[in-house]
Structure formats: C-alpha cells, structure tokens
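K.L.:
In this note's numbering, the protein residues as written are 34 to 273.
The beta-carbon is built from N, C-alpha and C at its ideal position, and this holds for glycine as well.
For clarity, every value in this text was computed on a predicted model and none was experimentally measured.
After the structure tokens below, expect a handful of questions from me.
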Ligand code: CAA
C-alpha cells in the first residue's frame with residue numbers, strides 16, 4: 034500500500050502542485066481545502082486525489098478531520114502543511130485581527146495539524162513532516178510583521194520537533210519559498226511586485242512546480258538523514 038500524504042491548502046497554488054507531484058510519485062494524497070468546495074471537487078476528479086474541507090486555524094476541525102482521514106485511509110505518514118494567509122499592512126496600521134488571523138492560521142495551525150498525527154508516526158516508526166515557511170521569515174519584509182513572525186516561528190517549531198522525533202525515524206523539515214507565481218503573489222500591487230522581482234537574482238517569480246520538487250525530495254525515503262533543516266527556494270532573493 035502506498036504511503037498516505039495529507040497536504041493542507043492542497044488544491045490551490047503551491048499546495049496544488051505539491052498534491053499533484055506526490056500523486057505522480059505514487060503516494061495516496063488527501064488535499065485539504067478551506068472554502069471552495071466546487072473547485073476542490075473538480076481538482077479531485079482531475080488529479081485522482083482525495084479532498085477534504087476544513088479550516089486549519091480551527092483546532093477541533095483539524096482534530097476531527099485528521100481522525101476521519103485516518104479512519105478512512107489509514108495512518109498519515111506524510112504531512113505537508115502548506116496552508117497560509119497574508120494580511121499585509123505596515124505595523125502602524127495593522128489591526129489586532131490582522132495580527133491574530135495570521136498567527137492563528139500560519140503558526141498555531143502547526144500545533145493543530147501535527148499533534149493529531151504525530152502519535153501514530155511515533156508508533157509506526159516513520160514520518161515525514163514538511164512545513165511551508167517563506168523567504169520573508171528569514172529576510173523580513175515590510176508590511177508583513179505578522180506573516181514574518183508566524184513563518185519564522187514555524188522554523189523554530191520544526192527544529193524542536195525534529196529533535197523530539199529523530200529517534201522514531203520521523204523527519205521534520207521546512208521549505209522556505211520565495212515569491213512564487215500564485216494568486217497570493219499576483220495580489221500584490223504591480224509596482225510593488227515589479228520592485229520585488231527586480232531584486233530577485235533569477236529575475237523572475239518561481240513556479241509552484243519548482244517548490245513541489247523540493248517537497249517531493251524531502252518526503253522521500255532517500256531524504257531520511259535530513260531533519261530540522263530549512264530548504265530555501267527563492268531564486269537567490271535571500272542573498273540580496
Ligand atoms: N518592496 C519594496 N518597496 C515596498 C515594498 C516591498 N516589498 N512594500 C512596500 N513598499 C514601498 C511602496 O512601494 C511605497 O513606496 P513609495 O512610498 O516610494 O511609493 C511604500 O513602501 C509604502 O507602500 P504602500 O504605498 O503600498 O503603503 P500601503 O500602506 O498602501 O500598503 C502594503 C502597504 C500592504 C504592505 C503594500 O505595500 C504591500 O502589499 N507590500 C508588499 C508586501 C509583500 O511583499 N507581501 C508578500 C505577499 S506574498 C507572500 O507573502 C508569499 C511569500 O511567502 C513570499
């Protein structure tokens with residue numbers, strides 16, 4: 034039986050590319066989505082993956098849905114937690130809601146998503162966890178104090194969990210994408226996006242498929258000796 038992978042935010046953007054790449058590698062894939070049921074069902078039919086809808090910022094929802102997935106398909110062996118949001122604003126204009134929503138969805142969700150699956154990974158003596166952070170966690174970005182704090186928190190979370198999990202053959206790693214050609218990045222005002230792209234040594238946005246290749250590698254059996262690491266995939270932007 035092929036390994037079971039859950040990908041959050043797995044029907045759109047980077048997550049969709051990850052779901053498709055893991056399916057192509059022979060894994061069973063359950064792609065989490067949040068609201069757009071029709072689009073998710075169409076994605077499931079097109080790519081022959083399972084889809085399940087819930088909000089990753091809801092602790093009880095994560096618990097109930099991961100339990101349902103494990104009852105239906107078996108133990109989750111691979112978790113790719115990719116779902117995330119932006120609420121960009123300079124700090125002096127940021128509302129408490131903008132702060133809390135980003136911390137809740139991008140950082141607290143790591144706890145909500147990992148805790149329901151870690152015990153069975155420990156019992157089975159195998160697991161691959163990949164958490165999606167951002168170049169902005171490492172570099173900083175104006176307008177993103179909330180997002181940078183959450184995405185940097187993910188890196189610390191992964192390092193601590195990697196230490197706790199290594200003896201059980203569970204690896205915990207982070208992917209830190211740069212600016213990838215998705216709806217999230219396309220939403221940036223064009224003059225600002227042009228400024229950002231002009232700073233990328235590769236002179237272009239990344240593709241979701243490029244990030245998916247990195248994830249496919251980190252979840253593979255061949256990556257068993259890599260844990261607690263952050264794989265930076267940003268076209269050289271971090272160097273600037
Ligand atoms: N790079 C360079 N300059 C920037 C900038 C950036 N990332 N963000 C803002 N600026 C500049 C603006 O060009 C503007 O400069 P001028 O005064 O010279 O015109 C100045 O800062 C003020 O910006 P705004 O006029 O846009 O101020 P605002 O209050 O209307 O909006 C903002 C603030 C919402 C943060 C908006 O500037 C913005 O959307 N910036 C981009 C933030 C960003 O990079 N978000 C990443 C989203 S994608 C993502 O997060 C995925 C990932 O992991 C990489």
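Would you mind listing the beta strand (DSSP E) stretches within the stretch 44-85 that are 3+ residues and don't spill past its ends, in chain order?
P.N.:
Whole beta strand (DSSP E) segments, 3+ residues: 61-66.
K.L.:
Take the Cβ of residue 184 as the centre, count every other Cβ of all protein chains shown within 10 Å, and call the residue buried at 16 or more, exposed below.
P.N.:
Buried, because 16 or more other Cβ atoms sit within 10 Å of the Cβ of residue 184.
K.L.:
How many whole angstroms separate the CB atoms of residue 37 and residue 74, which I take to be in contact at a CB cut-off of 8 angstroms?
P.N.:
Rounded, the Cβ-Cβ distance is 20 angstroms, inconsistent with contact.
K.L.:
Identify whether residue 234 lies in helix, strand or coil by the three-state DSSP scheme.
P.N.:
Coil, per DSSP.
K.L.:
From the DSSP output, in three-state form, read off residue 162 for me.
P.N.:
Residue 162: strand per DSSP, three-state reduction.
K.L.:
What three-state label does DSSP hand residue 38 in the structure shown?
P.N.:
If DSSP states are grouped into helix, strand and coil, residue 38 belongs with the strands.
K.L.:
For residue 169, verify whether its CB is less than 7 angstroms away from any heavy atom of the ligand CAA.
P.N.:
Under cutoff, so the answer is yes.
K.L.:
Distance check for residue 229 and residue 107, CA to CA, integer angstroms please.
P.N.:
So the two alpha carbons sit approximately 43 angstroms from each other.
K.L.:
Answer yes if the stretch 194-208 comes into contact with the stretch 234-242, meaning at least three C-beta pairs across the two stretches below 8 angstroms, and no otherwise.
P.N.:
Flag = no, the stretch 234-242 and the stretch 194-208 do not touch.
K.L.:
Whose C-beta lies closer than 8 angstroms to the C-beta of residue 215 among residues of the same chain, with five residues either side of it excluded?
P.N.:
Hits under 8 angstroms: 45, 46, 47 and 241.
K.L.:
Taking DSSP as the reference, what is the three-state secondary structure of residue 189?
P.N.:
Three-state DSSP puts residue 189 in a helix.
K.L.:
Excluding five sequence neighbours on each side, which residues of the same chain lie with their C-beta closer than 7 angstroms to the C-beta of residue 158?
P.N.:
Taken in chain order, the residues that qualify are 201 and 202.
K.L.:
So is the beta-carbon of residue 119 under 7 angstroms away from any non-hydrogen atom of the ligand CAA?
P.N.:
Under cutoff, so the answer is yes.
K.L.:
Any heavy atom of the ligand CAA within a distance shorter than 7 angstroms of the CB on residue 234?
P.N.:
It does not: the Cβ of residue 234 is nowhere closer than 7 angstroms to a heavy atom of the ligand CAA.
K.L.:
In the DSSP assignment, find the alpha helix (DSSP H) that holds residue 26 and state where it starts and stops.
P.N.:
Any question about residue 26 goes unanswered here, given that the chain covers just 34 to 273.
K.L.:
Give every residue of the same chain whose Cβ lies closer than 8 angstroms to the Cβ of residue 272, excluding the five residues on either side of it in the sequence, and list them in chain order.
P.N.:
The residues are 234.
K.L.:
Under the criterion of a Cβ to heavy atom distance below 7 angstroms, does residue 175 qualify as lining the ligand CAA?
P.N.:
Yes.
K.L.:
So, is residue 57 buried or exposed, given that buried needs 16 or more other C-beta atoms within 10 angstroms?
P.N.:
Label assigned to residue 57: exposed.
K.L.:
Using a Cβ distance threshold of 8 angstroms, determine whether the stretch 141-155 contacts the stretch 68-86, with at least three qualifying pairs required.
P.N.:
Because the criterion of three Cβ pairs below 8 angstroms is not met, the stretch 141-155 and the stretch 68-86 do not touch.
K.L.:
Among 165, 161 and 217, which residue has its Cα nearest to the Cα of residue 259?
P.N.:
Ranking the options by Cα distance to residue 259, first place goes to 161.
K.L.:
For residue 217, does the three-state DSSP call read helix, strand or coil?
P.N.:
Residue 217: helix per DSSP, three-state reduction.
K.L.:
Run the CB neighbour count on residue 69, radius 10 Å, all protein chains shown included, and call it buried at 16 or more, exposed below.
P.N.:
Result: exposed.
K.L.:
Could you name the residues of the same chain whose beta carbon sits closer than 7 angstroms to that of residue 249, not counting the 5 residues immediately before and after it, in chain order?
P.N.:
54, 55 and 58, listed in sequence order.
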